[in-house]
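Right, one structure below, let's go through it.
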DNA sequence: GTCTATAAGACGATAGAC
DNA sequence: GTCTATCGTCTTATAGAC
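Right, dumping it as structure tokens:
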């Protein structure tokens, strides 16, 4: 039971285990994204992380638990950035469009695993009623954050009213997801600035519809 | 070798085979939608169609071929309806919104297999470069059809110009996909008329942006 | 806490009877 | 043209060495 190393350990036992867990989760994200939930084997994941299946099962009860853990951690990583962009009133409208478009291009092009992983999460959730509500709650939280930002911005600009911010936030997020998927299929289908343009059209159409009611 | 039925056969041999193929494809669509491509077994599919695996393999070379066949047949089944709605100038703008929203509600709610199947197609395609282009071409064909309809409508209304109809069509389709997925996750996230509203906002914002440039 | 080895079963696909 | 039976492989998860 004694440790062979007498000098102070750099990593405690709990820390090395946490590190193993983190490495396994990272590898799992990649393998699940590349082969899908059913298509990925636990051997793939463990080996890709540099461990054995035994090590994996000492950290996670099952393949499902590993996947669900991922779903919990990797929820609104990128959406926070979008909310930040929209809430930042220092830039011009053109800057905002450019930044939103850039975000979409990044998600579709650079973080190659995110979009397929999100699709796997969605499929997993709609097939298991017990997780459907959990994922819906996650989305609602994200939407509420964006919705609040939109409402604040509208108030600052003196646009009073009955604008359905929740609906607009939902549309902005759904469009993002849809365009990311299309751009992953063929980048030429979704030009660099299409998302920014679309959000711009949406907002100006929205404020027009709102003004008309005054 | 003789048929036990002496009266003229209702189905020729080729017809029964075609019928078997059709039944297998139908069952495959359901099982793939419910369990995913990797998660579905050929036994599941054959049994669900009322045949054995041997019968399946006498009609399809492999599980992959069966899936790809599905992908080819079930492409733009619903998009044609959307194009029809947009191209139909007999109704009011309100009718158009209502019809588009209804279409989304139908796809998300009634044809329960379509959305997950589409997601499986997308995942399958982005993981296999050789099919990615085929699916992209399918999307482009659908987009072009919608784009043409939009351009015609704009011309009729005397809106000249530099409107990027391809981009608008892409946005309308991406938004549809995104909202369908959200509504499948939780119907309350996507109210009945959100899609129609969003398309309306989009178009009025678009024509505003266009007028501004004149 | 992580490894090797293995259990128990499901998988895709094939061969041969009918 | 479809069925039954089976091959070889890969799967998730566990047990015991270290």
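Residue numbers (the numbering used here), protein chains in the order written: chain R, 948 to 1161; chain Z, 948 to 1161. Ideal Cβ positions, reconstructed from N, Cα and C, are used throughout, including at glycine.
Practice problem: Report yes if the CB atom of residue 1126/Z is closer than 8 Å to the CB atom of residue 1121/R, and no otherwise. | Solution: yes
Quiz item: From residue 1060/R to residue 985/Z, what does the alpha carbon distance come to, in whole angstroms?
Solution: 18 Å
Exercise. Quick one: which unbroken alpha helix (DSSP H) runs of 4-plus residues sit fully inside the region 955-1010 of chain Z? Chain order, please.
Key: 960-982, 989-996, 1000-1006
Quiz item: Exposed or buried, residue 1090/Z, counting other C-beta atoms within 10 Å across all chains shown (16 or more means buried)?
Solution: buried
Exercise. For residue 1025/R, decide whether its Cβ has a neighbour in chain Z, counting only Cβ atoms nearer than 8 Å.
Key: no
Practice problem: Look up residue 1113/Z in the DSSP assignment and say whether it is helix, strand or coil. | Solution: helix
Quiz item: What does residue 1151/R touch in chain Z if you count any residue whose Cβ is under 7 Å from its own?
Solution: 1152, 1155, 1156
Quiz item: On the premise that residue 1141/R lies in contact with residue 1114/Z, defined as a C-beta separation below 8 Å, what is that separation, rounded to the nearest angstrom?
Solution: 5 Å
Quiz item: What is the DSSP secondary structure of residue 1089/R, counted as helix, strand or coil?
Solution: helix
Quiz item: So, using beta-carbon positions, are residue 1003/R and residue 972/R closer together than 8 Å?
Solution: no
Quiz item: If we ignore side chains and look at the alpha-carbon of each, how far apart do residue 969/Z and residue 1058/Z end up?
Solution: 18 Å
Quiz prompt | CB-CB length for residue 1165/Z against residue 967/Z, believed under 8 Å | solution = Since the first residue of chain Z shown is 948 and the last is 1161, residue 1165/Z is not available in this structure.
Quiz prompt | Within chain R, partners of residue 1126/Z - CB distance below 7 Å | solution = 1121
Self-check item: is_contact[residue 976/R, chain Z] using C-beta, thresh 8 Å
Solution: no
Quiz prompt | Residues within the region 1081-1110 of chain R neighbouring chain Z, beta-carbon criterion of under 8 Å | solution = 1082, 1083, 1086, 1087, 1090
Quiz item: residue 1079/Z touches chain R at which residues, Cβ-Cβ below 8 Å?
Solution: 1132, 1133
Practice problem: Would you mind stating whether residue 1078/R and residue 1015/R have Cβ atoms separated by less than 8 Å? | Solution: yes
Quiz prompt | C-alpha distance - residue 1068/Z paired with residue 1081/Z, whole-angstrom precision | solution = 11 Å
Practice problem: Please determine, among 993/R, 1143/R, 1117/R, the residue with the shortest C-alpha to C-alpha distance to residue 974/R. | Solution: 993/R
Practice problem: Reducing DSSP to helix, strand and coil, say where residue 1143/Z ends up. | Solution: helix
Quiz prompt | Inter-residue Cα distance where the pair is residue 1093/Z and residue 1116/Z | solution = 6 Å
Exercise. Taking only beta carbons into account, state which residues of the region 1037-1052 of chain Z come closer than 7 Å to chain R, listed in chain order.
Key: none
Quiz item: Which same chain residues, not among the five before or five after residue 963/Z, have their C-beta less than 6 Å away from its C-beta?
Solution: none
Practice problem: Let me know if residue 1063/Z comes out buried or exposed under the rule of 16 or more other beta-carbons within 10 Å of its beta-carbon. | Solution: buried
Quiz item: Taking the continuous alpha helix (DSSP H) assigned at residue 1074/Z, which residues delimit it?
Solution: 1061-1074
Exercise. Determine the DSSP secondary structure at residue 1057/R, reduced to helix, strand or coil.
Key: coil
Quiz item: Along chain R, in chain order, which residues have C-beta atoms closer than 7 Å to that of residue 1072/Z?
Solution: 1132
Self-check item: CB contact below 8 Å: residue 1136/Z versus chain R
Solution: yes
Exercise. Give the DSSP-derived three-state secondary structure of residue 1124/Z in the structure shown.
Key: helix
Quiz item: Would the beta-carbon of residue 1064/Z be found less than 7 Å away from any heavy atom of the ligand HEM?
Solution: As presented, the structure is devoid of all ligands, the ligand HEM included, so that no description of it is given.
Quiz prompt | chain R within 8 Å of residue 981/Z, Cβ atoms only | solution = yes
Quiz prompt | Cutoff 8 Å; reference residue 1020/Z; Cβ partners in own chain excluding five residues on either side | solution = 972
Quiz item: Taking one C-beta from the region 1145-1156 of chain R and one from the region 1135-1153 of chain Z each time, how about it: are there three or more such pairs within less than 8 Å?
Solution: yes
Quiz item: Starting from residue 1028/R and walking both ways along the alpha helix (DSSP H), at which residues does that stretch end?
Solution: 1026-1034
Quiz prompt | Beta carbon proximity, residue 1141/R to chain Z, threshold 8 Å | solution = yes
Quiz item: Excluding the five sequence neighbours on either side, which residues of its own chain have a C-beta within less than 7 Å of the C-beta of residue 1028/R, listed in chain order?
Solution: 1050
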